[in-house]
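Here's the structure we're looking at; comments come further down.
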Amino acid sequence: MSVFILRRLLQAIVVMVSVAFVSFLLFQYVGDPVVFLLGQEATPEQIRQLRADLGLDQPFFIQFWHFLVNAAQGEFGLSLRQGAKVSRLLAERFPATFELALVAAILALVVGIPMGVYAALRRGSFLSQVFMTVSLLGVSLPTFLIGILLILVFSVWLGWLPSFGRGPTVNIGWWSSSLVTVDGWRHMILPAVTLAIFQLTLIMRLVRAEMLEVLRTDYIKFARARGLTDRAIHFGHALKNTLVPVMTITGLQLGGLIAFAIITETVFQWPGMGLLFIQAVTFADVPVMAAYLCLIALIFVIINLIVDMLYAAVDPRLRVAKATG
Amino acid sequence: MRQTLSRWWDSDFGYSFRQSPAAIIAAVIAFICIFCAVFAGWVAPHNPFDLSTLELGDARLPPAWEEGGMAKYLLGTDDQGRDILSALIYGTRISLVVGLAAVALSLLIGVGVGLLAGAVGGWLDAFLMRLCDVVSSFPAILVALLIAGVARALYPQASDIAAFFVLILAIAFAGSNGWVQYARTVRASTMVERGKEYVQAARVTGVPASRIMLRHILPNVTGPVMVLATIQVATAIITEATLSFLGVGVPPTSPSLGTLIRVGNDYLFSGEWWITIFPGLMLVLIALSVNLLGDWLRDALNPRLR
Chain A
1 MSVFILRRLL QAIVVMVSVA FVSFLLFQYV GDPVVFLLGQ EATPEQIRQL
51 RADLGLDQPF FIQFWHFLVN AAQGEFGLSL RQGAKVSRLL AERFPATFEL
101 ALVAAILALV VGIPMGVYAA LRRGSFLSQV FMTVSLLGVS LPTFLIGILL
151 ILVFSVWLGW LPSFGRGPTV NIGWWSSSLV TVDGWRHMIL PAVTLAIFQL
201 TLIMRLVRAE MLEVLRTDYI KFARARGLTD RAIHFGHALK NTLVPVMTIT
251 GLQLGGLIAF AIITETVFQW PGMGLLFIQA VTFADVPVMA AYLCLIALIF
301 VIINLIVDML YAAVDPRLRV AKATG
Chain X
1 MRQTLSRWWD SDFGYSFRQS PAAIIAAVIA FICIFCAVFA GWVAPHNPFD
51 LSTLELGDAR LPPAWEEGGM AKYLLGTDDQ GRDILSALIY GTRISLVVGL
101 AAVALSLLIG VGVGLLAGAV GGWLDAFLMR LCDVVSSFPA ILVALLIAGV
151 ARALYPQASD IAAFFVLILA IAFAGSNGWV QYARTVRAST MVERGKEYVQ
201 AARVTGVPAS RIMLRHILPN VTGPVMVLAT IQVATAIITE ATLSFLGVGV
251 PPTSPSLGTL IRVGNDYLFS GEWWITIFPG LMLVLIALSV NLLGDWLRDA
301 LNPRLR
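Below, the structure is given as structure tokens:
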């Protein structure tokens, strides 16, 4: 077990250093940021001064070392476009992305699992077939298109919900939350649904497939023979055993939520980290891009580690297999 | 030609095709899309790139069946008076080309890596598979976006061809839907095939290793790969559309479906829904039909389900 975790940790460190190297390379090859900041009419002294200020006049490896040390402390320097500290920019944007991903994840689980259970138990019923057809659409529809369609129907045609931004936010310490006001929730609905739909359909199909598999096993037949109620069999025995793969996939999908959040945030102009990244790409704002790359890699490495550990903790067969093999 | 066609039609494969209405409909739709894309110059009623034929007076016309629409522009026009249907057909062509090229590149890399890992084994195998694990632990769209975004930031003035190449590369390398899935499948089947008698026989008779790999093992591992490739065409087209929508995809001079959606998105609020919705529907139609074909192919090629 500990060897397994250790190996994973080592792998995680290798990934992190390679991503850090890629983001550092960005600095080396992107066109001169000094020109971006000062414009074309800067004097040579101004340029030299700024290069020295930004540390751009030092050799390659020293710059990489500085970069690694600073990155480990969450320090990525100043945004070339906004002149503000990157760490602060990201910290400002983080709550928006986190709240969006959280609401979407809860929505996907709370709606997806019951739908999957229903589709498995009442296989062939009209509603199940509707679920399956809709889920096929959910998998085929790209995220940005779902967002556009929702905006068209609920904002443009019906005028029920706002289509961009977060609405009013309330600061709780450094955390700005839009989940404490009614208007904030109204802004949340469309982006959260957009982000949730793909995960929702995935969870639903997964739960359905796993339930069908489990319902065929002998211990379910035995439980039936013992005269247990349908409810006890379906929820106490069958559903419980389907949750291991669901948990793994959901854990891995948390990362997917962050990835798809980039798209959702662009469609809805949601002021999160994803939108910050896309804007940084457009303006070649390297420090922001580099920080985002490293942060995303870190989040993924942590999620993967936790999922691996949970998996080993939940499924005793895995522990035995790891111990003997 | 006719003989092979009729033989195909009478085979198990053709039989399962005839028995699946979803596969037939999907194949018809896919065929129409490919036909229109290949012969875009003849099929499209207007040339959306010929600026001299554009009339600004015809800008933002709704589809022909809506009030104020003109029969000349079946699906309406965009802000520059461009016929949506024609832009759609040309856009489909670009989306299909990028999608197919990305799949071809992933196949090339993935099958190569898989064969190498499976046939050579040892540390090379361990290293390549570890690499696959790492690549596929990131979501595909994120990897594609990061590659395309970083490339865009590095070379903002890249030529169109270079931009296309980077885009195709980004999609081919993207996470678990890219080359990695082929590498894993091919490696697994290669390891099975490697121990079989025909390979041993070839080795004993002195056939060089590279020839065994390419002429003996490769033809026997292509079945599952073809299924994966079909489904990947759909994901590749959607990935391309997403990247273009975010502004890091195809160069603006050759708009794909994603670019059309991005441009049309700005007009959504003024009520001109057709500029963005029709390219969107087209995208879904292509993705759905390719997915259905892939599902059918998987079932048809799986002997356990027969």
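The listed protein sequences derive, respectively, from chains A and X.
Position one of the first sequence corresponds to residue 1 (this note's numbering), numbered consecutively onward.
Position one of the second sequence corresponds to residue 1 (this note's numbering), numbered consecutively onward.
Note that CB positions come from ideal geometry on N, CA and C, so glycine has one too.
Check distances from the C-beta atoms of the stretch 173-206 of chain X to those of chain A and list, in chain order, the residues that come in under 8 Å.
Here the close residues number zero.
Taking only beta-carbon positions, decide if Leu-146 (chain X) is within less than 8 Å of chain A.
Chain A contact via Cβ: present.
First and last residue of the uninterrupted alpha helix (DSSP H) at Ile-172 (chain A)
Counted as a single uninterrupted DSSP element, the stretch harbouring Ile-172 (chain A) is not any alpha helix (DSSP H) but the beta strand (DSSP E) occupying residues 170-172.
Could you give the DSSP three-state label for Lys-196 (chain X): helix, strand or coil?
Secondary structure of Lys-196 (chain X) (DSSP, three-state): coil.
Using a Cβ cut-off of 8 Å (strictly closer), state whether Ser-20 (chain X) contacts chain A.
Look at Ser-20 (chain X): its C-beta is not under 8 Å from any C-beta on chain A.
Beta strand (DSSP E) segment containing Trp-175 (chain A), residue limits:
Residues 175-177.
Is it right to say Gly-249 (chain X) is buried, meaning 16 or more other beta carbons lie within 10 angstroms of its own, or is it exposed?
By the 10 Å Cβ count, Gly-249 (chain X) comes out buried.
Validate contact between the stretch 196-213 of chain A and the stretch 129-145 of chain A using beta carbons, cut 8 Å, 3 pairs
With the rule of 3 Cβ pairs closer than 8 Å, the stretch 196-213 of chain A counts as touching the stretch 129-145 of chain A.
Tell me, please, which residues DSSP counts as bridged to Lys-85 (chain A).
Paired residues: A:Leu-78.
Under 8 Å between C-beta atoms, does Gly-14 (chain X) make it to chain A?
For Gly-14 (chain X), the answer is no, since every Cβ of chain A falls outside 8 Å of its Cβ.
Using a Cβ-Cβ cutoff of 8 Å, what residues of the stretch 25-41 of chain X are near chain A? List them in chain order.
Closer than 8 Å at the C-beta level to chain A, one finds no residue of the stretch 25-41 of chain X.
Please return the same chain residues whose Cβ sits closer than 7 Å to the Cβ of Arg-224 (chain A), not counting the five positions on each side in sequence.
Only residues of its own chain outside the window of five on either side were considered, and among them Ile-233 have a CB closer than 7 Å to the CB of Arg-224 (chain A), listed in chain order.
Mind listing the chain X neighbours of Ala-259 (chain A)? Cutoff is C-beta to C-beta under 7 Å, in chain order.
In chain order: Pro-139, Ile-141, Leu-142.
From the DSSP output, in three-state form, read off Thr-77 (chain X) for me.
Judged by DSSP in its simplified three-state form, Thr-77 (chain X) adopts strand.
Pairwise C-alpha distance: Gly-114 (chain X) and His-216 (chain X)
Our two residues, His-216 (chain X) and Gly-114 (chain X), have alpha carbons roughly 15 Å apart in a direct line.
Could you check if Val-301 (chain A) is buried or exposed, using at least 16 other CB atoms within 10 Å of its CB as the buried criterion?
Buried.
Does DSSP put Asp-83 (chain X) in a helix, in a strand, or in coil?
Here Asp-83 (chain X) sits in strand by DSSP.
Nearest residue (CA-CA) to Thr-92 (chain X), options X:Val-284, X:Val-111, X:Ile-147, X:Leu-61:
Looking at X:Val-284, X:Val-111, X:Ile-147, X:Leu-61, the one whose alpha-carbon comes closest to that of Thr-92 (chain X) is X:Val-284.
Listed in chain order, which residues of the stretch 151-166 of chain X have Cβ atoms closer than 7 Å to some Cβ of chain A?
When C-beta distances to chain A are compared with 7 Å, the residues of the stretch 151-166 of chain X below that value are Arg-152, Ala-153, Leu-154, Pro-156, in chain order.
Does any CB atom of chain A fall closer than 8 Å to the CB of Thr-276 (chain X)?
True, the Cβ-Cβ gap to chain A drops below 8 Å.
For chain A, is any of its Cβ atoms less than 8 Å away from the one on Thr-253 (chain X)?
Interface annotation, Thr-253 (chain X): not in contact with chain A, CB-CB separation never under 8 Å.
For Gln-269 (chain A), which three-state DSSP category applies?
The answer is coil: DSSP assigns Gln-269 (chain A) none of H, G, I, E or B.
In chain A, which residues lie with their C-beta within 7 Å of the C-beta of Ile-238 (chain X)?
Those are Pro-142, listed as they occur along chain A.
With Val-43 (chain X) as the anchor, note down where its alpha helix (DSSP H) starts and where it stops.
Per DSSP, Val-43 (chain X) is one residue of the alpha helix (DSSP H) stretching across 40-43.
Strictly under 8 Å for the Cβ-Cβ distance: is Leu-212 (chain A) near chain X by that measure?
By this cut-off, Leu-212 (chain A) is not an interface position.
Which same chain residues, not among the five before or five after Gln-73 (chain A), have their C-beta less than 8 Å away from its C-beta?
No residues qualify anywhere along the chain.
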